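*Asks:* Encoded as structure tokens, here's the structure I'll be asking about.
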Amino acid sequence: MDLLILIIVVAAVAVVTAAGFVASGVRNRRRRPVRPAAPTATVDAPAGTTAAAPGSATTDPSLTAPAAGASTTTATAALEVPDPTAGRLVRLRDRLSRSEGTLGRGLLAVLSRDHLDDDAWDEVEETLLAADLGVAATGEVVAALKDKTRVLGVRTPDQLRQLLRDELLAQVGTSTDRSLATAPADGVPAVVLVVGVNGTGKTTTCGKLARVLVADGRSVVLGAADTFRAAAADQLQTWGERVGAEVVRGPEGGDPASVAFDAVKRGADSGADTVLIDTAGRLHTKTGLMDELGKVKRVVEKQAPVGEVLLVLDATTGQNGVVQARVFTEAVTVTGIVLTKLDGTAKGGIVVAVQRSLGIPVKLVGLGEGPDDLAPFEPEAFVDAILGVPATS
């Protein structure tokens with residue numbers, strides 16, 4: 006009997022203890038805040054791709070360090086719609102207001118005088134030189150203006166402005182081919198190399214050019230071959246993400262030619278229209294910059310011809326930029342010039358100086374810091390802007 010009583014007492018204690026643990030757990034669950042489930046990340050797939058199913062394992066290459074010597078590709082879906090390029094220079098003409106003050110108002114003020122003596126013509130010459138027109142072009146413009154004002158008796162502001170317009174257009178050139186070779190051919194994308202020293206806005210120009218091409222209906226792949234400048238690939242990737250252009254990049258300090266090769270291969274595999282390759286503006290190795298550019302071009306051309314080599318120049322550097330440009334033309338065949346920072350520089354004449362010195366047309370001009378401030382160069386719109394001729398469109 007005593008044993009039975011002991012067993013009953015032990016069982017009762019166990020039941021009471023178990024009940025206490027259960028009640029404690031319930032109270033703790035009531036006090037503990039409920040953590041919300043983590044939201045499921047969704048990414049809009051770029052055109053022509055399929056988004057991953059919810060819950061499937063995916064890896065964002067932009068968040069994963071590339072293996073040594075390997076290039077990675079990235080894309081995004083947070084797309085912007087760039088402004089159309091047609092007539093863009095006309096829309097951005099106000100950015101040339103300071104150049105207008107130098108060339109337009111300055112020259113017209115002198116030429117409108119009742120008597121044009123040697124001192125007046127010296128002022129005209131100094132004004133043109135200050136606008137970086139160049140010595141040879143300045144001499145030609147002054148000589149033409151002297152003859153025509155004397156023979157035609159031109160004196161009214163409208164007449165003088167038209168006379169200046171004709172002379173400057175003759176210097177800029179209206180029949181030059183300024184088109185960009187960005188259309189694919191024979192099943193391979195067009196390849197554009199963007200070259201220039203660091204500080205000219207080269208990588209930014211490459212990103213803006215992607216927007217120009219997208220606005221004109223091209224599909225674009227960007228190659229981040231400037232592997233020696235910190236954050237250059239990140240900068241280019243940001244530009245690409247904004248318009249849905251895929252970016253191919255490699256490890257920092259990696260082989261630029263390898264990245265360029267992979268970019269062209271990716272462009273061909275994806276059926277892209279154009280591959281833009283941002284090249285290095287300086288190197289941290291013993292290899293010369295110009296030798297490296299030549300290597301990039303040779304490696305790329307194993308897959309597709311390079312249709313354009315665009316040299317980016319800072320308009321504010323003036324004649325120094327022309328000297329700088331000659332070095333690049335010795336390394337690669339430059340097909341076009343991109344003049345950046347042309348807004349507010351009062352150096353509009355650099356367009357003429359660059360073309361005369363290098364024999365290479367200006368194809369694009371940068372007129373501001375906005376994403377759509379890169380414009381195809383239009384001679385008439387440009388000259389009208391710096392002379393203050395009212396826009397007709």
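Numbering (my numbering), first residue to last: 6 to 398. The C-beta atom is built at its ideal place from N, Cα and C for all residues, glycine as well. Keep in mind that this is a model prediction, so the values were computed, not measured.
#1: First and last residue of the beta strand (DSSP E) that includes ILE391?
#2: Tell me the rounded alpha-carbon separation between ALA268 and ASP260.
#3: Below 8 Å on the Cβ atoms is my contact criterion, and I expect ALA277 with VAL225 to pass it. Report the Cβ-Cβ distance as a whole number of Å.
#4: Given a threshold of 16 other Cβ atoms within 10 Å of its Cβ, counted over all protein chains shown, does ARG303 qualify as buried or as exposed?
#5: If you run the structure through DSSP and keep just helix, strand and coil, what is ARG93?
#6: Can LEU227 and LEU316 be called in contact, C-beta distance under 7 Å?
#7: For the putative contact between GLY178 and GLY393, defined by C-beta atoms under 8 Å, what is the C-beta separation to the nearest angstrom?
#8: What three-state label does DSSP hand ARG247 in the structure shown?
#9: Let's see if you can read the secondary structure: which residues bound the alpha helix (DSSP H) around GLY272?
#10: Rounded to whole angstroms, what is the Cα-Cα separation between GLY139 and ALA190?
#11: Determine the closest residue to SER117 out of ALA91, VAL356, LEU97, GLN167, with distance taken between C-alpha atoms.
#12: Identify every residue that forms a DSSP beta bridge with GLY341.
#13: In this structure, what does DSSP give as the bridge partners for ALA195?
#14: Could you name the residues of the same chain whose beta carbon sits closer than 7 Å to that of ASP137, not counting the 5 residues immediately before and after it, in chain order?
#15: Taking the alpha carbon of VAL337 as the point to measure from, which residue in LEU347, LEU294, ALA141 has its own alpha carbon closest?
#16: Any idea what DSSP makes of VAL359, helix, strand or coil?
#17: Apart from the five residues on each side of it in sequence, which residues of its chain come closer than 7 Å, Cβ to Cβ, to ASP205?
#18: Can you tell me whether LEU379 is helix, strand or coil according to DSSP?
#19: Looking at the unbroken alpha helix (DSSP H) that takes in LEU298, where does it start and where does it end?
#20: Span of the beta strand (DSSP E) holding GLY371?
#21: Quick check on the DSSP output: the alpha helix (DSSP H) that includes ASN325 runs from which residue to which?
#22: Assign PRO384 to buried or exposed, taking buried as 16 or more other Cβ atoms, counted over all protein chains shown, within 10 Å of its Cβ.
#23: By how many angstroms is the C-alpha of GLY201 removed from the C-alpha of ILE366?
#24: When you compare the CB positions of LEU372 and LEU174, do they come within less than 7 Å of one another, or not?
#25: Does DSSP put VAL202 in a helix, a strand or coil?
#26: So does the segment 239 to 250 actually touch the segment 213 to 224, counting three or more Cβ pairs closer than 8 Å?
#27: Please go through the same chain and pick out, in chain order, the residues whose beta-carbon is closer than 8 Å to the beta-carbon of ALA235, but skip the five residues on each side of it.
#28: Closest by CA to ARG361, which one among LYS368, GLY375, ALA141?
#29: Which residues bound the alpha helix (DSSP H) around GLN164?
#30: Should GLY326 be labelled buried (16 or more other beta-carbon atoms within 10 Å of its own) or exposed?
#31: Quick one: residues in its chain with C-beta nearer than 6 Å to the C-beta of GLY272, no 5 flanking neighbours on either side, listed in chain order?
#32: Measure the CB-CB distance between ALA229 and ALA238 and report whether it falls below 7 Å.
#33: Candidates PHE382, ILE391, ASP389, PRO376: which alpha carbon is nearest VAL219's?
#34: Taking C-alpha atoms, which residue in GLY312, LEU185, THR209, VAL159 lies nearest to ASP283?
#35: Got a sec, what are the start and stop residues for the alpha helix (DSSP H) ASP88 sits in?
#36: Where LEU379 and ALA114 are concerned, what is the direct C-alpha to C-alpha distance, given to the nearest angstrom?
*Replies:* Here's the rundown:
#1: Here ILE391 belongs to no beta strand (DSSP E); instead the alpha helix (DSSP H) covers 384 to 392.
#2: ALA268 and ASP260 have their alpha carbons spaced roughly 13 Å apart.
#3: Yes, ALA277 and VAL225 are in contact; Cβ-Cβ is about 6 Å, under 8 Å.
#4: When all chains shown are included, ARG303 counts as exposed.
#5: In the three-state scheme derived from DSSP, where H, G and I count as helix and E and B as strand, ARG93 is classed as helix.
#6: For LEU227 and LEU316, no; Cβs fall outside 7 Å.
#7: With a contact defined as Cβ atoms closer than 8 Å, GLY178 and GLY393 miss out at about 21 Å.
#8: Helix at ARG247.
#9: First-last of the alpha helix (DSSP H) with GLY272: 261 to 275.
#10: Cα to Cα, GLY139 sits roughly 39 Å from ALA190.
#11: Of the listed residues, the one whose Cα sits closest to SER117 is GLN167.
#12: Looking at the DSSP output, GLY341 bridges to LEU315.
#13: ALA195 pairs with THR279.
#14: Short of 7 Å from the beta carbon of ASP137, and not among the five residues preceding or following it, lie these beta carbons of its own chain, in chain order: GLY323, GLN324, LYS352, GLY354, ILE355, ALA358.
#15: Of the listed residues, the one whose Cα sits closest to VAL337 is LEU294.
#16: Note: VAL359 maps to helix in three-state DSSP.
#17: The displayed chain sequence assigns Thr, not Asp, to residue 205. Result list for THR205: VAL317, LEU318, ASP319, THR345, in chain order.
#18: LEU379: strand per DSSP, three-state reduction.
#19: 294 to 305 is the span of the alpha helix (DSSP H), which, as asked, contains LEU298.
#20: For GLY371, the uninterrupted beta strand (DSSP E) segment begins and ends at 367 to 371.
#21: Unbroken alpha helix (DSSP H) run through ASN325: 324 to 336.
#22: Result: buried.
#23: The identity of residue 366 in the sequence shown is Pro, whereas the question assumes Ile. Their Cα atoms are separated by approximately 16 Å.
#24: Cβ distance not < 7 Å, so LEU372 and LEU174 don't count as in contact.
#25: Annotated three-state conformation of VAL202 is coil, per DSSP.
#26: Yes, the segment 239 to 250 touches the segment 213 to 224.
#27: Excluding sequence neighbours, ALA235 sits near GLU257.
#28: Minimum Cα-Cα distance from ARG361 among the listed residues LYS368, GLY375, ALA141 corresponds to ALA141.
#29: Membership of GLN164 in the alpha helix (DSSP H) is indicated by the continuous run 162 to 177.
#30: A residue is called buried once 16 or more other Cβ atoms fall within 10 Å of its Cβ, and GLY326 is buried on that count.
#31: Cβ within range, chain order: PRO194, VAL226, VAL280.
#32: Their beta carbons are under 7 Å apart, which means ALA229 touches ALA238 by this criterion.
#33: For VAL219, the nearest C-alpha among the options comes from PRO376.
#34: Comparing Cα-Cα distances from ASP283 to each of GLY312, LEU185, THR209, VAL159, the minimum goes to THR209.
#35: Neither: ASP88 is in no alpha helix (DSSP H) and is coded neither H nor E.
#36: Looking at the two C-alpha atoms, the distance is approximately 31 Å.
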